[in-house]
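Working notes, structure below.
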Amino acid sequence: MKKAATILAVLVAVLILAPGVFAQGTTTAPAGGTNWLAISGAFGMALAAAGCGYAQSKIGSSACEGMARNPGAADAIRASMILGLVFVETLALFTLVIIFTLIFKG
Numbered sequence: 000m001k002k003a004a005t006i007l008a009v010l011v012a013v014l015i016l017a018p019g020v021f022a023q024g025t026t027t028a029p030a031g032g033t034n035w036l037a038i039s040g041a042f043g044m045a046l047a048a049a050g051c052g053y054a055q056s057k058i059g060s061s062a063c064e065g066m067a068r069n070p071g072a073a074d075a076i077r078a079s080m081i082l083g084l085v086f087v088e089t090l091a092l093f094t095l096v097i098i099f100t101l102i103f104k105g
């Protein structure tokens with residue numbers, strides 16, 4: 000019960016403080032300031048690449064297992080695997096395009 004009360008208190012504090020954060024006007028960063036958009040974009044791309052790498056390894060291992068169990072269906076499994084790998088890699092490339100669009104918009 001104490002954990003639920005703590006979570007509720009943190010949630011209320013965040014909801015009370017959030018309007019003040021979003022009420023700030025748009026200002027330009029001072030010369031030599033930190034480019035937080037580029038840093039957050041790098042972390043976002045790292046997460047996307049890690050997720051895509053995990054998904055591609057899972058697709059590859061499942062396809063190898065399927066071909067080992069049923070060698071007669073290897074051609075169909077290989078085609079499905081390549082299509083799945085293309086879709087997963089496209090997600091990583093879309094993430095990269097979105098990050099570059101946000102960082103270098105001008």
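Numbering (numbering that gives the first Met the number 0), first residue to last: 0 to 105. For glycine and all other residues, C-beta sits at the position ideal for the given N, C-alpha and C.
**Prompt:** For the candidate residues G50, P18, T33 and F42, whose alpha-carbon lies nearest to that of I98?
**Reply:** The shortest Cα separation from I98 among G50, P18, T33 and F42 belongs to F42.
**Request:** Would you be able to state if there are at least three C-beta pairs under 8 Å between the region 82-94 and the region 32-52?
**Result:** yes
**Asked** What does a CB cutoff of less than 8 Å around A54 pick up in its chain, not counting 5 residues either side in sequence?
**Response** V87
**Message:** Could you check whether the Cβ of F86 sits closer than 7 Å to any heavy atom belonging to the ligand FAD?
**Reply:** The ligand FAD is not part of this structure, which contains no ligands at all.
**Prompt:** Below 8 Å between beta carbons: does that hold for I102 and G40?
**Reply:** Yes, they are a contact pair.
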